[in-house]
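Reading the sequence shown from the start, the letters are residues 1374 to 1675 in the numbering used here.
Using N, Cα and C, we set each Cβ at its ideal position, and we do this for glycine too.
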Amino acid sequence: MSLRDRLLALTIVLVWGVNFVVIKVGLQGMPPLLLAGLRFALVAFPALLFIPRPKVPLKWLVAYGLTISFGQFALLFWALNVGLAAGLASLLLQAQAFITLGFGILLLKEKVQRHNVIAVVTAGCGVYLLAAAQHDGAASLTGVTLILILGAATCWALGNITNKVIMQNYSVPTMSLIVWSALVPTFAFAIASVSIEGPDVIKSSLLNMQWHNLFSIVYLSLLATIVGYGGWSYLLSRYPTALVAPLSLLVPVFGLLSAWILLDESLSLYQVMGVIVIAVGLVINVFGRRWFRRKADLVSSV
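Set out below in structure tokens:
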């Protein structure tokens, strides 16, 4: 992975890490399905008036929008709304890295190398340390919230695979895919919000929208979606899934750090240790192939 693409990946996971703090702020005074719907509405409009529709079969466009956008965020916001702690949600959602890896092997017949396995196991140990430190959020993890958050992670993973299939088989500009696929969750969330949250709640929320709600919508649509998923799509189209997917394990690291800085939440020793272990795992994932190749060359030259 080039230095430029490493910096892009770092920027994306930083934006997604802060994303959980922004969601927490945005949900103050606004129901979750409405917030998610407005997020994708701003992604789609007015951009689709200027960006041509991607030349990709409708089934793939709908599949991408339903998985990585509607499915993931409907289940994530639902889990948060019924009591799952935001910090714990950011950790458990990263199960998508392991699920994506599995789908890549099963569906795309991708080969996973030794350093990828070592890296994922190492980073997974770091995530475990972070989860072990979530004493305050542990009570919020019930059977229902666990199913919801793992469902969200699975939708993200399926979206990653769908994205890879699209980018490898069709000549699709990334921005065109992001903007036009946003129509799917926009209408899906609109229907869900009217059906579940009700017209009266929607009307009241829109009429009483505050600056923090508006900021949240803009951040989630422009930074987290257009910049984040646009860059992520680009990385998936250029590199193996086994190299890209584990990078998202940095998301809870930035999530915890941003909560510490912006919300004055404390970091425990376990959390600091978890951050370090995850960083080590990701370094192995990015540079491991080069290290093992160099070691093999040294052995063969002896």
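- Annotation note: the region 1557 to 1628 contains the following uninterrupted alpha helix (DSSP H) runs of length 4 or greater, listed N- to C-terminal: 1572 to 1580, 1584 to 1591, 1601 to 1611, 1614 to 1617.
- An exposed status is given to residue 1584, since fewer than 16 other beta-carbon atoms sit within 10 Å of its beta-carbon.
- Contact between residue 1404 and residue 1578 holds, since their C-beta atoms are separated by about 6 Å, short of 8 Å.
- For residue 1537, the uninterrupted alpha helix (DSSP H) run begins and ends at 1516 to 1542, by DSSP.
- Contact between residue 1657 and residue 1492 holds, with the beta-carbon distance rounding to 4 Å and staying under 8 Å.
- Runs of alpha helix (DSSP H) with 4 or more residues, each lying fully within the region 1379 to 1456, are found at 1405 to 1417, 1431 to 1437, 1445 to 1454, listed in chain order.
- Excluding the 5 residues flanking it on each side, residue 1661 has same chain C-beta neighbours closer than 7 Å at 1488, 1491, 1492, in chain order.
- Shortest Cα-Cα distance from residue 1548 to any of 1651, 1468, 1595 involves 1595.
- By the C-beta density criterion, residue 1392 is buried, having at least 16 other C-beta atoms within 10 angstroms.
- In the three-state scheme derived from DSSP, where H, G and I count as helix and E and B as strand, residue 1376 is classed as helix.
- Here residue 1473 is near residue 1614, since their CB atoms are less than 8 Å apart.
- Between the beta-carbon of residue 1409 and that of residue 1447 there is about 7 Å, and that keeps the pair under the 8 Å contact cut.
- Between the alpha carbons of residue 1400 and residue 1581 lies a distance of about 13 Å.
- Proximity of the region 1432 to 1441 to the region 1616 to 1636 falls short of the contact definition, fewer than three beta-carbon pairs being nearer than 8 Å.
- Rounded to whole angstroms, the gap between the alpha carbons of residue 1608 and residue 1457 is 30 Å.
- Secondary structure at residue 1552: helix, using DSSP grouped into helix, strand and coil.
- A Cβ-Cβ separation of about 16 Å leaves residue 1605 out of contact with residue 1427 under the 8 Å criterion.
- Residue 1619 counts as buried, since at least 16 other C-beta atoms from the protein chains shown sit within 10 angstroms of its C-beta.
- Secondary structure at residue 1641: coil, using DSSP grouped into helix, strand and coil.
- Counting C-beta pairs closer than 8 Å gives fewer than three between the region 1527 to 1541 and the region 1374 to 1389, which falls short of the contact rule.
- Distance from the CA atom of residue 1617 to the CA atom of residue 1563, rounded to whole angstroms, is 32 Å.
- Residue range 1468 to 1480 is occupied by the alpha helix (DSSP H) that includes residue 1468.
- For residue 1523 against residue 1465, the beta-carbon gap comes to about 7 Å, under 8 Å, which counts as contact.
- Pairing residue 1436 with residue 1555 gives a Cβ-Cβ distance that is not under 8 Å.
- Distance between residue 1481 and residue 1574, taken at the CA atoms: about 44 Å.
- Going by beta carbons, residue 1648 and residue 1543 fall outside the 8 Å limit.
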